[in-house]
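Undergrad: Quick note on the numbering used here: the sequence shown kicks off at 388 and runs consecutively.
We put the CB at the ideal spot given by N, CA and C, even for glycine.
All values derive from a computational prediction rather than experimental measurement.
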Amino acid sequence: MDNRKATLELGTKPVGRLLVQYAVPAIIAMTASSLYNMVDSIFIGQGVGAMAISGLAITFPFMNLSAAFGAAIGVGASTLMSVKLGQKDYKTAQNILGNTITLNVIIGFLFCIVCMLFLDPILRFFGASDQTIVYARDYMEVILAGNAITHLYFGMNACLRAASKPRHAMYATIFTVVLNSILDPLFIWPLGLGIRGAAYATILAQLTALMWQFWIFSNRRELLHLKKGIYKPRADLVRNIIGIGISPFSMNACACVVVIFINNQLVKYGGDMAVGAYGIANRIAFVFVMFVMGVNQGMQPIAGYNYGAQRLDRMMQVVKQSIIAATTIMVTGWLLAVFAPYHCVRLFTSDEQLLSMSIDGLRILTIMFPIVGYQMVITNFFQCIGKVRISIFLSMSRQLLFLLPLLVVLPLFFGLNGVWASLPASDFISSLVTAWIMIVYMRKFKRQHNEIANGRQL
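#1: Is it buried or exposed, Asp814, if we count other Cβ atoms within 10 angstroms and call 16 or more buried?
#2: Does the segment 435-455 touch the segment 642-658, meaning 3 or more C-beta pairs lie closer than 8 Å?
#3: Leaving aside the five residues before and after Gln593 along the sequence, list all residues of the same chain whose C-beta is less than 8 Å from its C-beta, in chain order.
#4: Roughly how far, in whole angstroms, is the beta-carbon of Ala439 from the beta-carbon of Ile445, given that I think they are within contact range, below 8 Å?
#5: Which whole-angstrom value describes the C-beta separation of Asn482 and Ile617, a residue pair presumed to lie in contact below a C-beta threshold of 8 Å?
#6: Taking all protein chains shown into account, decide if Ala661 is buried (16 or more other Cβ within 10 angstroms of its Cβ) or exposed.
#7: Residues in its own chain within less than 7 Å of Gln697 by CB, not counting five upstream and five downstream?
#8: Flag this pair as yes or no: are the beta carbons of Met677 and Ser421 separated by less than 8 Å?
#9: Helix, strand or coil: how does DSSP classify Tyr618 here?
#10: Since Val426 contacts Asp571 with CB under 8 Å, what's their CB separation in whole angstroms?
#11: By alpha-carbon positions, which one of Phe769, Leu467, Ile488 and Phe447 ends up nearest to Lys615?
#12: Indicate whether Phe447 and Val646 have their beta-carbon atoms separated by less than 8 Å.
#13: With a Cβ-Cβ cutoff of 8 Å, do Leu734 and Pro811 count as a contact?
#14: Can you tell which of Phe648, Gln762 and Asn767 has its C-alpha closest to the C-alpha of Leu791?
#15: How is Met388 classed by DSSP in three states: helix, strand or coil?
#16: Distance, Cα to Cα, Leu749 vs Leu610?
#17: Around the Cβ of Lys707, are there at least 16 other Cβ atoms within 10 angstroms (buried) or fewer (exposed)?
#18: Measuring only the C-alpha atoms, how far is Ile628 from Met763?
#19: Between which two residues does the alpha helix (DSSP H) holding Lys471 run?
#20: With distances taken between CB atoms, is the gap from Ile772 to Gly691 smaller than 8 Å?
#21: Could you have a look at Gly398 and say whether DSSP puts it in helix, strand or coil?
#22: In angstroms with no decimal places, state the Cα-to-Cα distance between Ala588 and Ile414.
#23: Taking the continuous alpha helix (DSSP H) assigned at His538, which residues delimit it?
#24: For Val682, which residues of its own chain have a beta-carbon under 6 Å away from its beta-carbon, when the five flanking residues on both sides are left out?
#25: Comparing the CB of Val662 with every heavy atom of the ligand NAP, is any distance shorter than 7 Å?
#26: On the criterion of 16 or more Cβ atoms from any shown chain inside 10 Å, does Asn424 qualify as buried, or is it exposed?
#27: Compare the Cα-Cα distances from Leu406 to each of Ile603, Asn693, Trp721 and Ile520 and report the closest residue.
#28: So, Met703 versus Gly760, is the Cβ gap smaller than 8 Å?
#29: Would you decide whether His555 is buried or exposed? Buried here means 16 or more other CB atoms lie within 10 Å of its CB.
#30: Does the distance from the CB of Ser745 to the CB of Ile667 come in under 8 Å?
#31: Rounded to the nearest angstrom, what separates Met680 and Gly436 at their Cα positions?
#32: Taking only three categories from DSSP, how would you classify Val501?
#33: Sort Glu528, Ile460, Thr399 and Val775 by Cα distance to Ile590 and report the nearest one.
#34: Give the straight-line distance between the Cα atoms of Trp823 and Arg834, rounded to the nearest whole angstrom.
#35: Out of Arg621, Asp623, Leu741 and Ile631, point me to the one whose CA is closest to Gly663's CA.
As structure tokens, this is what we get:
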């Protein structure tokens, strides 16, 4: 299909079919991405040991912080690109593509240099002990060295989705999972690289996929393609990209702060093994979170395009259908955690103590899953249409206003279980706040749609 025709269909094709068309590839891609993260954990846990799992869990704040900078560019650029395509401003969309590459390279290298210089102190701050810091350092040295590659890979995938190529983004993600799954056991066992081997496999898989992404965007027959003159940072575009991307940046940066706090509380109340248990439970829960993120990614170009084209009825339809899909996904995750936690956790470790702690943690962690799906969709929706302040408030309130105080108070009364319980408790409170804000804005959008419809009739 012609690329321009595919873009125009965002404003004409039935919303339900569009959401399936865009969300299914994104969900498959995000499923693959979650498996991508799990593969490292599984091979490290089975091939290196239980303490290596705890060392890997210590690196989660690093991953969140790196993802924060990546999301500030990737999500900001793809959202702005969708809006510009909806406005048929193709020249600006082209320049957004070039600026995305430049910004990802700059931020990727700067992040690598700063973190490498202070790696050990940062890991200690994140909760590393004498037993876990060795594993965490070995893993992060390789990951940080390839940080620019990681940023570019995720940034180009976001641009592929915005450019009406969700299947290509899906293929890139699936390819990295398959290649990483092949290289992980090869590097860890026969080559004897241990936890470093898992990191090498990750970067090499992303580099290979990145080369394919660049090949796609080098095709001059595409509506958006790489060419001279689009790479120089434009102040107006950079401001808009970062302005939109500040919401997912804040979300991931807050997640970094929260995970640091969680790790330190887990070490305090449960020791290094509790950190490993959280690492396993979080990996399993994150699979379903990634499913919902796939729905959000499918919703993003549809909502952004129709908001830019002032088709608010279609925009509201895609939000409602995304909420239904996200809720179904999270209920499924909750049922799995209730009825089959052992089989999920056993993939990562055979250590009896770690198994027991991980099962208990997983059950507590997922208690509020049935009501979390819509909160994630709504937060992403406001980001998609450029309502940055609302999106930032919704993402930060859950993590800073609600979760951090609960992480301080609940463990005083319930110990280790209090650390675990603080997460679903904050989910419950933030979901109530999100519902109230969305009701207010849905009424506003309905009024605007009626005014636009009446204006067209006149």
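TA: In short, the structure shows the following:
#1: Buried, since its Cβ has 16 or more Cβ neighbours within 10 Å.
#2: Yes, they touch.
#3: Counting only Cβ-Cβ distances below 8 Å, and skipping sequence neighbours, we find Gly533, Ile536, Thr537, Tyr540 and Thr563.
#4: Contact between Ala439 and Ile445 does not hold, since their C-beta atoms are separated by about 11 Å, which reaches or exceeds 8 Å.
#5: Contact between Asn482 and Ile617 is confirmed by a C-beta separation of about 5 Å, below the 8 Å threshold.
#6: When all chains shown are included, Ala661 counts as buried.
#7: Closer than 7 Å at the Cβ level, and outside the excluded window around Gln697, lie Ile839.
#8: The Cβ atoms of Met677 and Ser421 lie closer than 8 Å to each other.
#9: It is coil, neither helix nor strand.
#10: So it is a contact: roughly 6 Å between Cβ atoms.
#11: Among Phe769, Leu467, Ile488 and Phe447, the Cα nearest to that of Lys615 is on Ile488.
#12: Pairing Phe447 with Val646 gives a Cβ-Cβ distance under 8 Å.
#13: For the 8 Å CB-CB criterion, Leu734 and Pro811 do not form a contact.
#14: Among Phe648, Gln762 and Asn767, the Cα nearest to that of Leu791 is on Phe648.
#15: Residue placement at Met388 is flagged as unreliable, the pLDDT there being 46, under the threshold of 50; a coordinate-derived value is accordingly withheld.
#16: If you draw a straight line from the Cα of Leu749 to the Cα of Leu610, it comes to about 46 Å.
#17: Per the 10 Å Cβ criterion, exposed.
#18: Looking at the two C-alpha atoms, the distance is approximately 21 Å.
#19: Unbroken alpha helix (DSSP H) run through Lys471: Phe447 to Gly473.
#20: The criterion of a C-beta distance shorter than 8 Å is satisfied by Ile772 and Gly691.
#21: Per DSSP, reduced to three states, the secondary structure at Gly398 is helical.
#22: The straight-line gap from Cα to Cα measures roughly 23 Å.
#23: Counting along the chain, the alpha helix (DSSP H) containing His538 begins and ends at Asn534 to Ala549.
#24: Answer for Val682: Ala410, Ser709, Ala712 and Ala713, listed in chain order.
#25: The model on display carries no ligand, and the ligand NAP is accordingly not part of it.
#26: With 16 or more other Cβ atoms within 10 Å, it is buried.
#27: Comparing Cα positions, the closest option is Asn693.
#28: No. Outside cutoff.
#29: Buried, by the Cβ-count rule.
#30: Yes, these two residues count as a Cβ contact at 8 Å.
#31: Computed Cα separation, rounded: 31 Å.
#32: Val501: helix per DSSP, three-state reduction.
#33: In terms of Cα proximity to Ile590, the closest of Glu528, Ile460, Thr399 and Val775 is Glu528.
#34: If you take the alpha carbons of Trp823 and Arg834, they lie about 17 Å apart.
#35: Considering only alpha carbons, the answer is Leu741.
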